[in-house]
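Please read the structure below before turning to the comments.
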Amino acid sequence: MGRPGLQPGEFGRMFFDQVSTGVRARVRYRDLSGSIKVVERTRKSKAAAGRALGEVIEQMQREGLPVTPRRESVGELVAAYLAWGRVHKWRPQTSDLYEHVAAKHLEAVGAVRADQVTTALAEQWLAAIEAASARRCARVILQGAFAKALREGRVSRNPIPATSTVVKPRREPRALTPGEVEAVRAAIKAYQDNERPGKAVRAAFLLPLIDLLVATGMRPNEALALTWGNVDTKAGTVEVCATVTRHKDDSGRSHLVRQPAPKTAKGRRVLLVPDWAMASLATQALDPITRAVGCMPDQLVFPSSSGGLMDLSNVRRTLRAACKGTPAEGFHPYLLRSTALTAVADVYGIMAARDVAGHASTAITELAYIERTGHAPGIEAAVADYRPR
């Protein structure tokens, strides 16, 4: 059986000939019109000729002729995709997640040649990943890596889209009642007062934070990223323009950062804050930690005990301790977002809830944050003309 011909954009092997002026390196390639052409360079030594011809191939690639590397591995495709995404597309925490999943779940198949991967083989790889979230992420990485390589002419097909999709299970949104929110406040007050006579109130930030979250529907990490410069006490507003997230530095260590943009593009917004929540927020300025770092525009509204960014996991841990053994046990701060958005949708409509949430469309607001009552509205006026006559 004959050797397969060159594909458009593909170079053959490099050959060397001894000539009167030194060594000539030449290579055949098929251009994008399908024609076979030869490019060559002559230098005094074989190594110099090979380097010169290699530079020509690189230049041709830059000018629009895609080169198809032979026997490129899945690992090389994934590495190129992750490097491109970190520079051009993703936020740091997304890159950290993708690199972690790739190292843990895709390294074992990295040596497989990309042109040998079939949909059935990729299906087996993904099925072997037990956790649904990791399986979903690995599929995204593989699909992106093959799609990028396909656009660049490095592979002839993408076998990943036909693999089974991983459905993300969604919890039904739940909104707390006013009584349940009050039970959370009562649990926090009891926790703060318990066995601490004459001492500073512990976790004094909790009540102002709870009031702000239920009054605005903000994401907890958006609230933890607020600075006093984002709070306008005269207008009664807060500007959501950042979020707290965690990602790795160049040494691989994970740390908190204040990302100067919310979770989504539509997340940047100004929210009107009710008087009672603004009054509660004002008490945060009297907190000893806040007073220690000051209420300057660039200072955090909810600083940690060291004056830096507060970790949401520590907030949740404190809330669990405060609510344990009380009617509020099991509470977590994200419930306040669905509570606020459900209340806004009930009174002002789904469009208003979308704007308060900072979503691009009402679909995610309704699907993930608005609790359904199970009772349809009255429709008598709409069908009045159809009554029997």
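Counting with the UniProt record's numbering, you get residues 1 to 389 for the letters of the sequence shown.
Just so you know, even glycine gets a beta-carbon here, dropped at the ideal spot from N, CA and C.
Because the structure is a prediction, the values reported are computed rather than measured.
Residue i: buried (16+ other C-beta within 10 angstroms of its C-beta) or exposed?
{"i": "D249", "result": "exposed"}
{"i": "P260", "result": "exposed"}
{"i": "Y98", "result": "buried"}
{"i": "T118", "result": "exposed"}
{"i": "R268", "result": "exposed"}
{"i": "I188", "result": "buried"}
{"i": "E55", "result": "exposed"}
{"i": "E58", "result": "exposed"}
{"i": "I141", "result": "buried"}
{"i": "W125", "result": "buried"}
{"i": "A340", "result": "buried"}
{"i": "W228", "result": "buried"}
{"i": "S338", "result": "buried"}
{"i": "I210", "result": "buried"}
{"i": "D31", "result": "exposed"}
{"i": "R317", "result": "exposed"}
{"i": "V344", "result": "buried"}
{"i": "A225", "result": "buried"}
I need the boundaries of the beta strand (DSSP E) containing residue i, first residue and last residue.
{"i": "M14", "result": "F11 to V19"}
{"i": "V270", "result": "R269 to L272"}
Can you give me the start and stop residues for the alpha helix (DSSP H) that residue i sits inside?
{"i": "H100", "result": "P92 to V101"}
{"i": "M278", "result": "D275 to Q284"}
{"i": "T119", "result": "T119 to A127"}
{"i": "L77", "result": "V74 to H88"}
{"i": "L106", "result": "Taken as a continuous stretch (DSSP letters only), L106 belongs to no alpha helix (DSSP H), as it is neither H nor E."}
{"i": "G34", "result": "That residue, G34, is in no alpha helix (DSSP H); it is neither H nor E in DSSP."}
{"i": "E182", "result": "P178 to D193"}
{"i": "I210", "result": "L206 to T216"}
DSSP puts residue i in a beta bridge; with which residues?
{"i": "E259", "result": "The sequence shown places Gln at residue 259, not Glu. Answer is T243, bridged to Q259."}
{"i": "E40", "result": "R26"}
{"i": "K248", "result": "S254"}
{"i": "T264", "result": "Note: T264 sits in no beta bridge, so no partner."}
{"i": "T342", "result": "DSSP lists no partner for T342."}
{"i": "V238", "result": "V231 and L271"}
{"i": "R113", "result": "S73"}
{"i": "L300", "result": "T227"}
What number of angstroms, rounded off, separates the C-alpha of residue i from the C-alpha of residue j?
{"i": "A360", "j": "A352", "result": "12 Å"}
{"i": "A111", "j": "L77", "result": "11 Å"}
{"i": "G17", "j": "A25", "result": "Strictly speaking, residue 17 in this sequence is Asp, with Gly absent from that position. Looking at the two C-alpha atoms, the distance is approximately 7 Å."}
{"i": "R202", "j": "R185", "result": "14 Å"}
{"i": "E130", "j": "Y369", "result": "28 Å"}
{"i": "S322", "j": "D96", "result": "For clarity, residue 322 is Ala in the given sequence; the question names Ser instead. The alpha-carbon atoms of A322 and D96 are separated by roughly 33 Å."}
{"i": "F205", "j": "V167", "result": "38 Å"}
{"i": "P92", "j": "A215", "result": "30 Å"}
{"i": "H105", "j": "P274", "result": "48 Å"}
{"i": "D311", "j": "P297", "result": "21 Å"}
{"i": "L271", "j": "L212", "result": "11 Å"}
{"i": "P178", "j": "A83", "result": "48 Å"}
{"i": "A328", "j": "L319", "result": "10 Å"}
{"i": "L176", "j": "L335", "result": "7 Å"}
{"i": "P69", "j": "T243", "result": "Only weak support is given to the placement of P69: the predicted model assigns it a pLDDT of 48, under 50, and the value that follows is read from those uncertain coordinates. Cα-Cα distance, rounded: 42 Å."}
{"i": "A363", "j": "S251", "result": "40 Å"}
{"i": "M218", "j": "R135", "result": "30 Å"}
{"i": "R372", "j": "V181", "result": "19 Å"}
{"i": "G9", "j": "A49", "result": "22 Å"}
{"i": "V231", "j": "W276", "result": "15 Å"}
{"i": "R139", "j": "P220", "result": "29 Å"}
{"i": "K266", "j": "V238", "result": "16 Å"}
{"i": "T283", "j": "P208", "result": "7 Å"}
{"i": "I350", "j": "P159", "result": "40 Å"}
{"i": "Y81", "j": "A235", "result": "46 Å"}
{"i": "L256", "j": "A162", "result": "38 Å"}
{"i": "S313", "j": "D287", "result": "21 Å"}
Grouping DSSP H, G and I as helix and E and B as strand, with all else coil, what is residue i?
{"i": "S361", "result": "coil"}
{"i": "V231", "result": "strand"}
{"i": "R136", "result": "helix"}
{"i": "V167", "result": "coil"}
{"i": "R157", "result": "coil"}
{"i": "L335", "result": "helix"}
{"i": "N314", "result": "helix"}
{"i": "A149", "result": "helix"}
{"i": "L6", "result": "coil"}
{"i": "E172", "result": "coil"}
{"i": "A52", "result": "helix"}
{"i": "R320", "result": "helix"}
{"i": "R202", "result": "coil"}
{"i": "I57", "result": "helix"}
{"i": "Y369", "result": "coil"}
{"i": "G144", "result": "helix"}
{"i": "P220", "result": "helix"}
{"i": "D355", "result": "helix"}
Less than 7 Å separating the Cβ of residue i from some heavy atom of the ligand HEM?
{"i": "A277", "result": "Judged by which ligands are present, the structure shown has none, so any question about the ligand HEM falls away."}
If you measure from the beta carbon of residue i to each beta carbon in chain D, is any gap under 8 Å?
{"i": "W125", "result": "Chain labels in this structure do not include chain D; a single protein chain is all it has."}
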